[in-house]
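Notes follow once the structure below has been shown.
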Amino acid sequence: AKEAGDSIGGIIEVIIKNTPAGLGEPVFNKLNADLSRALMSIPSARGIEFGDGFALASLRGSENKHDSGILGGISTGQDIKIRLAFKPTSSTPLNGVEGRHDPCVVPRALPIAEAMVALVLADHYLMQKRNA
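In terms of our numbering, the sequence shown opens at residue 224 and continues consecutively.
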């Protein structure tokens, strides 16, 4: 893409290991909602899924055995798998935009996503301690 003066999007995967069970709330402050809000605030982020995400839409309830580490907005203690999709940047030499532009933002987005996840988990951990 870089040689062609174009850009590409991509998908990153963040797996949260050793998550304490019980982080999050059942209505407001759901862990998955707060993770979504934080991760979707990253520029160029356009889609998010937890665990098997969109693939679950084609299954029957009897076939769904994957909670992706979060049930009802509360962590279960299992690994949490998050996939985050990023759009290609629109400012490219092909569009007549001059200057330095990344052909793909995904490599730069991964450490940002990891930091956002860490912030949300720390926030939920502190909320849990405060309410204990």
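Glycine residues also receive a C-beta, built at the ideal position from the N, C-alpha and C atoms.
DSSP bridge partner residues for residue i (one or two, in chain order)
i, result
"K352", "Paired residues: none, contrary to the question."
"G233", "F309"
"K304", "I238"
Three-way DSSP call (helix, strand, coil) for residue i in this model
i, result
"S281", "helix"
"E272", "strand"
"I335", "helix"
Residue i to residue j span [Cα, whole Å]
i, j, result
"A341", "E248", "18 angstroms"
"A244", "L333", "25 angstroms"
"I293", "S267", "25 angstroms"
"I303", "P326", "29 angstroms"
"I297", "R353", "16 angstroms"
"N287", "D275", "9 angstroms"
"Y348", "L254", "11 angstroms"
"V250", "V237", "24 angstroms"
Environment of residue i [buried if 16+ CB atoms lie within 10 Å]
i, result
"S281", "exposed"
"A355", "exposed"
"M263", "exposed"
Supposed contact pair residue j and residue i - C-beta distance, whole angstroms, cut 8 angstroms
i, j, result
"V329", "G233", "4 angstroms"
"A308", "G270", "4 angstroms"
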